[in-house]
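Student: Oh and the sequence shown: position 41 is 41 in UniProt numbering, straight run, nothing missing.
Glycine included, each C-beta is placed from N, C-alpha and C at the ideal position.
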Amino acid sequence: MHIAQLNIATLVAPLDSPELKGFVDLLVEINDLADNSPGFVWRLQDENGDATAIRPFGPDVIVNLTVWESIEALYAYTYRTDHLGVLQRRREWFRRSGRPHLVLWWVDEGARPTVAEAARRLALLAESGPTRDAFTFRNQFPATLAA
């Protein structure tokens, strides 16, 4: 089994605005870091390699949908690389949300989750809290419990 993750963020301004310049300037570097991190499998992007152009949650919401070999590999990339610096600056670029913005779930090796599936997982987490079908880093469920 592999681990899928969806992370959504509501922008404080359009991507081409001065307020988002710092974030936009880091995108290539941070995406390259992910693509070359141990355990990375796949990430959602359009035919031009741009994930920020995919806006299924609304015009001001960007998505990050990825698959990793393990929770440990995803966690290491998220919190033990230069990606942490981006996380620490997120309040500069993204609005706070009263709903979950990150969801994890197990997928079969080789699976590529759709945005629709990811949206269902995020909604499930918001409605039911962490379950074996939609969970968080804080409240993980092992792959052996995956549906």
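(1) Out of Thr10, Phe137, Ala146 and Phe141, which has the shortest C-alpha to C-alpha gap to Tyr75?
(2) For Thr63 versus Ile8, is the C-beta spacing smaller than 8 Å?
(3) In the DSSP assignment, the alpha helix (DSSP H) including Val28 goes from what residue to what residue?
(4) Quick one: residues in its chain with C-beta nearer than 8 Å to the C-beta of Tyr79, no 5 flanking neighbours on either side, listed in chain order?
(5) Span of the alpha helix (DSSP H) holding Ile71?
(6) Could you spell out where the alpha helix (DSSP H) holding Ala118 opens and where it closes?
(7) Using the DSSP secondary-structure output, state which residues sit across from Gln5 in a beta bridge.
Tutor: Let me lay it out:
(1) Taking only the C-alpha atoms, the option nearest Tyr75 is Phe137.
(2) For clarity, residue 63 is Val in the given sequence; the question names Thr instead. Against a cut-off of 8 Å, the Cβ pair of Ile8 and Val63 comes out as a contact.
(3) Going by DSSP, Val28 is part of the alpha helix (DSSP H) stretching over Lys21 to Asp35.
(4) Residues of the same chain with a CB within less than 8 Å of the CB of Tyr79, apart from the 5 flanking positions on each side, are Leu87 in chain order.
(5) Start and end: Ile71 to Arg80.
(6) Ala118 -> alpha helix (DSSP H) spans Val115 to Ser128.
(7) Paired residue(s): Thr66 and Leu104.
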